[in-house]
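**Q** The structure that follows is given in the form of structure tokens.
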Amino acid sequence: MRLAGKVCVITGAGSGMGRVASVIFAREGAKVVVADVSEAAGNETVAEVRAAGGEASFVRADVSREADAKAMIDHALATYGRVDCLYNNAGIMPEGDHSVIDTDVDTWDRVMAVNVRGVFLGCKYAIPAMIANGGGSIINIASFVAILGCSVPQDAYTASKGALLSLTRSMAVQFAPKGVRTNAICPGPVETPLLLDWLVKDEEAKRIRLARNPSGRFGKPEEIVNLAVYLASDESRWTNGASLVVDGGISVNYF
Ligand SMILES: NC(=O)c1ccc[n+]([C@@H]2O[C@H](COP(=O)([O-])OP(=O)(O)OC[C@H]3O[C@@H](n4cnc5c(N)ncnc54)[C@H](O)[C@@H]3O)[C@@H](O)[C@H]2O)c1
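Using this note's numbering, read the sequence shown as starting at 2 and increasing by one per residue.
Listed below in structure tokens is the structure:
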């Protein structure tokens, strides 16, 4: 098992890639702290992990709130005694997020609060705990839109994911000497509720997204999580500060 004995905090673990990550991480031997703003969804993930024979514990946390972020890490320490990995997966892509010229300030601020402040706060409390324990791995989930312009814009979301790539590099440099590695994953469009709920309402966006993808399909959650397993494990002990794109080839496609 590639994550035997590791304690991994996964945010946004009540749905999509976070839920699949919880199940796969537990299968690889991790003790998983399932963190989500939705108690019902988080508890369902824990039940799924346990049904598959894994170990998991739920903590309700809105990652944009400092008290919740602190409580999330305290929960991991109280339940399992350490934190080896913080998997910053929680993210939102609300309907009102369009171009800079037609997005309202509240939508912009909400996206930044969850997608950027949420990562900042999780790291603020997890990194000292990791250092005290000899090191750890931070995984930040950005997006392919952090490195590409998009003709169907979601500018708050795009800017928030770009911010994570800069933050990843800065933290990677600061904390590697203390044993904490930080890397980012930039997934292409993956079949999860976040993407499917949105595309169902926008056939044109769906058509454009598939036409640009040389693999001809959307990704599956496990195709992203498999990379996260590597980053959480000791196999990646010299991987630090990387922004790793997993997108079926979209970002290398000229036409
Ligand atoms: N699905 C895609 O195509 C895609 C592509 C690139 C990047 N991503 C990123 O991957 C991550 C996971 O996406 P997904 O598609 O699995 O999403 P999802 O919507 O299926 O799941 C997101 C989970 O995050 C939780 N959440 C939302 N706000 C939260 C908060 N403030 N605090 C704690 N939990 C919160 C939700 O309750 C939900 O359980 C996100 O960061 C997303 O931006 C997704």
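Every residue gets a Cβ at the ideal spot worked out from N, C-alpha and C, and that includes glycine.
Note that this is a predicted model, so its numbers are computed, not measured.
Quick one: grab the DSSP three-state call for residue 41.
**A** In the structure shown, residue 41 sits in a helix (DSSP, three-state: H, G or I).
**Q** Report the rounded CA-to-CA distance for residue 144 versus residue 186, giving the unit in angstroms.
**A** Looking at the two C-alpha atoms, the distance is approximately 7 Å.
**Q** Just reading off the beta strand (DSSP E) that residue 186 is part of, what are its end residues?
**A** Counting along the chain, the beta strand (DSSP E) containing residue 186 begins and ends at 181-188.
**Q** Measuring alpha carbon to alpha carbon, tell me which of 159, 217, 191 and 241 ends up nearest residue 226.
**A** Comparing Cα-Cα distances from residue 226 to each of 159, 217, 191 and 241, the minimum goes to 191.
**Q** Please name the residue, chosen from 44, 118 and 134, that lies closest to residue 82 on a Cα-to-Cα basis.
**A** The shortest C-alpha separation from residue 82 is found at 134.
**Q** With distances taken from CA atoms, which of 178, 236, 254 and 132 is nearest residue 211?
**A** Residue 211 has its Cα closest to that of 254, out of 178, 236, 254 and 132.
**Q** Taking the beta strand (DSSP E) that residue 88 falls in, what are its first and last residues?
**A** That run of the beta strand (DSSP E) goes 86-89.
**Q** On the three-state DSSP scale, how would you describe residue 61?
**A** Note: residue 61 maps to strand in three-state DSSP.
**Q** Relative to the C-alpha of residue 241, which residue among 216, 213, 194 and 181 is closest?
**A** Minimum Cα distance to residue 241 is reached at 181.
**Q** From residue 61 to residue 256, what distance separates their C-alpha atoms?
**A** Cα to Cα, the separation comes out at about 44 Å.
**Q** Reducing DSSP to helix, strand and coil, say where residue 1 ends up.
**A** Given that the chain is displayed from residue 2 to residue 256, the structure contains no residue 1 and the question cannot be resolved.
**Q** Answer yes or no: the CB of residue 38 versus the heavy atoms of ligand 1, is any distance below 7 Å?
**A** Correct: residue 38 has its Cβ closer than 7 Å to ligand 1.
**Q** Under 8 Å, do residue 35 and residue 57 count as touching if we go by C-beta distance?
**A** In this structure, residue 57 lies closer than 8 Å to residue 35 by Cβ.
**Q** Determine the closest residue to residue 128 out of 106, 85, 244 and 16, with distance taken between C-alpha atoms.
**A** Taking only the C-alpha atoms, the option nearest residue 128 is 85.
**Q** Along the chain, where does the alpha helix (DSSP H) that runs through residue 227 open and close?
**A** Element bounds for residue 227: 222-233.
**Q** What I want to know is whether the C-beta of residue 132 ends up closer than 7 Å to one or more non-hydrogen atoms of ligand 1.
**A** Outside the cutoff, so no.
**Q** Spatial neighbours of residue 177 within its chain, please: C-beta separation below 6 Å, excluding the five flanking residues on both sides.
**A** So the list reads 241, once near-sequence residues are dropped.
**Q** CA-CA distance, residue 172 and residue 232?
**A** Each residue's Cα considered, the two are about 15 Å apart.
**Q** For residue 54, does the count of other Cβ atoms within 10 angstroms reach 16, so buried, or fall short, so exposed?
**A** Under this definition residue 54 is an exposed residue.
**Q** Residue 132 to residue 195, Cα distance in whole Å?
**A** Rounded to whole angstroms, residue 132 to residue 195 spans 34 Å at the Cα level.
**Q** Taking DSSP as the reference, what is the three-state secondary structure of residue 116?
**A** Helix at residue 116.
**Q** Could you spell out the range, first to last residue, of the alpha helix (DSSP H) harbouring residue 171?
**A** Looking at the DSSP string, the run of the alpha helix (DSSP H) that includes residue 171 is 156-176.
**Q** From what residue to what residue does the alpha helix (DSSP H) around residue 23 run?
**A** Looking at the DSSP string, the run of the alpha helix (DSSP H) that includes residue 23 is 17-28.
**Q** Have a look at residue 11 and residue 50 and give me their C-alpha separation to the nearest angstrom.
**A** Distance between the alpha carbons of residue 11 and residue 50: 13 Å.
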